[in-house]
Structure formats: C-alpha cells, structure tokens
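In our numbering, the protein residues as written are 3 to 364.
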C-alpha cells in the first residue's frame, strides 16, 4: 500500500452524499487516504475534493432525468478523465445506480478496482443488471441483510455491512402515549400528493371509532401547504419522535417503514402510485412485499396496502389498536427485523472492509 492511497467516490444525490461522507470520514480515521469525488457538502466536509457537484446530475422524476442527460454525459466524461489523470487505488460508487454502473465499467476497463457501496436493488427489478454488477464490481457493500446472499448466489461478491437506518434511529425506542397515532405521508411532493389524501381519510375513519390524536412530521423541505387542510391533526418536525410516542403509525412505504420497525412501533404501510406506474410495477417487480420490514423478515410483519382504499387501511389500524394479541404478534416480528438488521455502524464496517483491501495492495 502506498503511503496515501487515493480513493474516488461517486454520489449523485443528497442521500448518497450523506452515506459517502460518513464512509469517507470513518475511513480517514483508519487510513491517511486522499479522496476526490462526484458529491456534495458531506463528502467535502469529510475531506474529499469535489470535482463534480451532485446538483449537476441529480434529478427527480423521468422528465427531469431526461433533461439532465447532457449534464450526466459531461460528468461522466470529466470523471473518466480524472480516472486517467489521477488514478485512484479504488473507486467507490454510492447508490445512483444507472450512472454509477456505467462509471464502474469505465473504471474496471482501466484496471481500477470497484467496491460498490449501496448497489442497485437488482433483487426488486432489473435482475438483468446482476450480470453488470458481476462484470463491473469487485465487491458490493450492501445495507439490507438479504442482499448478501441474493448477490452471492448470482456470482457477485457481497458483504453486508449493516443499515445506515440503524445509525439514524440509535437510542430511539417505542414509548407510546395512549391515543396518539402518527401519519407519515413521505418526503417528496409527488409522494405526499398521492398518499396524504388517503391518510387523511384513514384518520377521519379512525376518529369516528376511537378518541385519537393524530400527528404528522414534516420532513425537511416539505411545504405545509402541500398537505392542505386537516382538522384535528398536529404538524411537527421530527419523525423519530412521532414514532416513539405513537401507539400506531400509518406510513408510506420507504425508509420510514424500516425506521418504524427499528424504533419498535406497530405500523401499517401504504403504497400508492399513479395507475400506469402501478401496472408497470406489476410486470417488472419480482418481490412478494413492498415494505423493507417484510422484505427483511421474509414474511408479512407489517400489513401492506398497495393501491387499496382507506377503509381497509383503517380496519387494519383499528385491529392493532384494539387487539393486544395482534399487537404483540407484530412486536415480535419487529424484534426479528431489528435482529436481522443488526447493530449501528454501517459506515464503520464498510470503512473497515475498504481499509483491509487498501492495506493489502502492493
């Protein structure tokens, strides 16, 4: 290993920048590495030279993504030139699958090893991309327990390093206040526009059956106006605190569902997309569940309602609020999920694996 190994990273979105920044910070506690990256403020804070800012390439939605194609092409060209001018000892793409898989191919063609942190979710859809991972990636550092075996069975070397969500919820535990229900409509405008009317109707139905108080955390960047009017609903800013003090949470499918599971709060998951997206999903998606707790457990731990009416969601919620046996069964399932996810420290374990690799280089 040379005295100061060079690391290249690529994180094309804010969430990837966060994970990449945590990884680099942990790695620099172990080795004196120099890093350059496609990324943002978290990578810069961790000590990377940001050669392409992620704002140049990140996009929300298909139309915006099409508009970003020229910028994506420029970014790929700039990073490819940097591969040649300042050859890294290791390339670490982080999430941002389509772009980073192409960049990984370019790195491998130059003989640069590739460790993919948070690789594409090929187990959900796009199974044909497994071949690309196998050909372009030396090792995948995965953050969902079942991904390690799934990829290994398909010839991709993979290491489960833990979930960053476990770090985010560390120290948080369910301490419910009677009669309080959390409603989590998501964090993106399109998602909120689809999910919030459903959750609002669920709340109205529940209020007609039991004396309940409802709380909605507003994620950073969410405009209160997106949710319109809602009688009897309190809007707050901290989702984890809402999870801790709610008897029950009704949540949009996504990271929040896993956060609920790790906090330990009984949860009902809803998923609603536009009809065309739903029909395409039925054709393309090859997994039996949509929520992370159920995917991790390999069975239904939390009830899922995909494109279903509010009456069905409210019925499941009332059962969990009123049936101690159903609630205890779910709590046991959530314990299974927590055990499978494991302890906090995903970035540290990923850094350990990368440090071992760099130390073994001639």
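Don't be surprised by glycine CBs; every beta carbon is placed ideally from N, CA and C. Quick caveat, the model's predicted, so the values are computed rather than measured.
Check whether the Cβ atoms of residue 322 and residue 294 lie closer than 8 angstroms to each other. no
If you draw a straight line from the alpha carbon of residue 313 to that of residue 335, how long is it in whole angstroms? Using only the alpha carbons, I get a separation of about 24 angstroms.
Extent of the continuous alpha helix (DSSP H) to which residue 198 belongs: 191–209
What does the alpha-carbon distance come out to for the pair residue 175 and residue 110? 44 angstroms
Judging by CA-CA distance, which residue of 193, 231, 212, 268 is the nearest neighbour of residue 309? Of the candidates 193, 231, 212, 268, the one whose C-alpha sits nearest the C-alpha of residue 309 is 193.
Cutting at 7 angstroms between CB atoms, please list the residues of its own chain near residue 50, excluding the five before and the five after it. 11, 26, 37, 38, 39, 41
Residue range of the alpha helix (DSSP H) that residue 359 falls in? 348–361
Beta strand (DSSP E) segments (min. 3 residues) lying fully within the segment 6–74: Qualifying beta strand (DSSP E) stretches, in chain order: 8–12, 36–41, 51–55.
Going by DSSP, which residues form a beta bridge with residue 238? 219
Less than 8 angstroms between the beta carbons of residue 119 and residue 352, yes or no? yes
Taking only runs of the beta strand (DSSP E) that begin and end inside the segment 250–321, which ones reach a length of at least 3 residues, in chain order? Annotation: the segment 250–321 contains the following complete segments of the beta strand (DSSP E) (minimum length 3 residues), in chain order: 250–254, 269–273, 306–308.
Buried or exposed, going by whether 16 or more other CB atoms sit within 10 Å of the CB of residue 13? buried
Give the C-beta separation of residue 187 and residue 201 to the nearest angstrom, bearing in mind that I take them to be a contact with Cβ-Cβ under 8 angstroms. 5 angstroms
Taking the alpha carbon of residue 364 as the point to measure from, which residue in 44, 91, 57, 9 has its own alpha carbon closest? 91
Looking only at its chain, what residues have a beta carbon closer than 6 angstroms to the beta carbon of residue 338, apart from the 5 residues adjacent to it on each side? 299
DSSP beta-bridge partners for residue 182? According to DSSP, residue 182 bridges with 215.
Same chain only: Cβ atoms within 6 angstroms of residue 63, ignoring 5 sequence neighbours per side: Because the pLDDT at residue 63 is just 46, under 50, the model does not fix this residue reliably, and the value given afterwards should be weighed accordingly. Cβ within range, chain order: n/a, list empty.
Beta-carbon contacts of residue 181 that lie in its chain and below 8 angstroms, excluding the five residues immediately before and after: 212, 213, 214, 215, 249
Give the secondary structure of residue 344 by DSSP, where H, G and I count as helix, E and B as strand, and everything else as coil. Of the three classes helix, strand and coil, the one that applies to residue 344 here is coil, per DSSP.
What distance in whole Å lies between the Cβ atoms of residue 204 and residue 319, which are believed to be in contact at a cut-off of 8 angstroms? 7 angstroms
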